[in-house]
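Take a look at the structure set out below.
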Amino acid sequence: MDDTPFWKNKTLTEMSTPEWESLCDGCGLCCLNKIEEWDTGDVYFTSIRCKLMDGESCRCTSYPNRWDFVPDCVQLTPEKVPELEWLPPTCAYRLVNEGRDLYWWHPLISGDPETVHIAGVSARGRTVSENDVDLNDFEDYIVDWPLTVEDDMEANPPAKS
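For the sequence shown, position 124 (counting from the first letter as 1) is numbered 124 according to the UniProt record's numbering, and the numbering increases by one without interruption.
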């Protein structure tokens with residue numbers, strides 16, 4: 001029997017719906033509001049989360065019905081992943097699409113959905129709801145932390161105490 005994890009022997013398009021959904025690590029970074037410069041196409045992350053994102057769990061509070069409340073919510077699909085340059089470098093969909101492995105803290109590796117938060121790569125505790133920020137002030141919330149990752153993060157989980 002082959003014990004190779006599905007994300008190492010399947011492409012994104014070959015995955016079942018449960019496999020696809022399990023790739024989401026729960027970081028919440030894709031649910032942060034972004035600003036795109038119309039003339040250059042450059043995209044900047046803000047620390048402003050979608051009104052449906054729970055700031056503690058980093059999960060959507062209405063995932064199955066999100067388009068009823070946020071019509072422009074971007075649904076990740078195997079076809080869209082290569083086109084979404086703003087996907088964080090730690091995103092499992094991006095990693096699998098690029099033929100790379102998941103980080104040690106990904107719940108499929110660690111077995112614990114909290115490790116993404118323990119590793120400090122999630123939006124937990126770093127955001128404010130879009131309901132609390134005037135649209136004209138979004139530029140004041142531009143951040144770069146969703147696009148950064150420690151060089152040794154992949155191979156070096158924190159020491160157990």
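We treat Cβ as the ideally placed atom computed from N, Cα and C, and that holds for glycine. Since the structure is predicted, the reported quantities are computational estimates derived from the model, not experimental observations.
- Runs of the beta strand (DSSP E) lying entirely within the segment 23-67 and spanning at least 3 residues, in chain order: 32-36 and 43-49.
- The C-beta distance from Leu-87 to Val-70 rounds to 18 Å, too long to fall under 8 Å, and the pair is not in contact.
- Look at Ser-110 here: in three-state DSSP terms it is helix.
- Going by DSSP, Phe-6 is part of the alpha helix (DSSP H) stretching over 6-9.
- Residue pairing from DSSP places Ser-129 in a beta bridge opposite Arg-49.
- Contact between Thr-77 and Val-121 is ruled out by a C-beta separation of about 23 Å, above the 8 Å threshold.
- Per DSSP, the continuous alpha helix (DSSP H) segment holding Ala-92 begins and ends at 92-97.
- Residue burial is scored here from C-beta neighbours: Thr-115 has at least 16 other C-beta atoms within 10 angstroms and is therefore classed as buried.
- Excluding the 5 residues flanking it on each side, Phe-6 has same chain C-beta neighbours closer than 6 Å at Glu-19, in chain order.
- Nearest to Gly-28 by C-alpha distance, out of Asp-54, Asp-72 and Gly-111, is Asp-54.
- Restricting attention to Thr-11, Ser-22, Trp-67 and Pro-64, the CA atom closest to the CA of Ile-109 is found in Ser-22.
- DSSP, read as helix, strand or coil, puts Val-70 in coil.
- For the pair Cys-50 and Val-96, the Cα-to-Cα distance works out to about 25 Å.
- For the set Ile-48, Trp-38, Tyr-63 and Glu-79, the Cα lying nearest the Cα of Val-133 is the one of Ile-48.
- With respect to Cys-60, Gly-26 sits apart: the two C-beta atoms are not nearer than 7 Å.
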